[in-house]
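Numbering (this note's numbering), first residue to last: 1 to 147. To start, the structure itself, in structure tokens.
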Amino acid sequence: MNKYIIVFLLFGIGCGIKTESNNRENSDNEKISDWARPGVQGQMSGAYFVYKNNLSTPDTLLSVQSPQAKMTQIHESYTTGDGLAGMREKKEVIIQPNQDLVLKQGGLHVMLMNLRSDLSNEDSVQLSLNFAQAGLVELKLPVLTSN
């Protein structure tokens with residue numbers, strides 16, 4: 001299979017092509033919601049949320065884990081100069097004091113890879129965020145078909 005088709009398929013599954021959501025607004029006036037995509041065991045899903053650094057110093061998101069996935073990473077979406085979309089792992093994310101970390105479709109997001117079981121509506125996804133300063137932050141996100 002052509003490598004560009006694979007990149008596009010992974011981008012579409014993990015990040016979503018849609019960019020509208022319906023819960024909170026960020027500084028770009030885009031609406032953001034805390035949620036995760038449905039997924040099938042052995043496949044991928046994505047998780048999206050807003051986290052505020054309430055500390056008076058910068059903090060670094062070092063890692064993210066979920067018991068529902070064998071591998072969990074922070075990814076960033078990008079577009080090449082010739083218009084091809086892709087994703088790549090982001091090893092660390094620095095959040096300034098009182099700044100929001102926005103994880104959304106088409107931007108930074110959590111990739112849940114090799115799901116341990118199906119995720120569908122009425123389920124929730126547990127995330128453990130490991131920060132350099134704040135330590136471990138636990139999140140529980142609803143699984144929604146679309147947002």
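For each residue, glycine too, the CB sits at the ideal point set by N, CA and C.
Exercise. Looking at C-alpha atoms only, which residue of 61, 114 and 141 is the closest neighbour of residue 99?
Worked result: 61
For this session: Check each candidate in 59, 39, 103 and 122 and name the one with the smallest Cα separation from residue 68.
Result: Of the listed residues, the one whose Cα sits closest to residue 68 is 39.
For this session: Could you check what DSSP says for residue 110 in three-state terms: helix, strand or coil?
Result: strand
For this session: On a CA-only basis, which of 42, 130 and 128 is nearest residue 70? Give me that one, please.
Result: 42
For this session: In angstroms with no decimal places, state the Cα-to-Cα distance between residue 112 and residue 118.
Result: Their Cα atoms are separated by approximately 12 angstroms.
Problem set entry | Exposure of residue 73, with buried meaning 16 or more beta-carbon neighbours within 10 Å | Buried.
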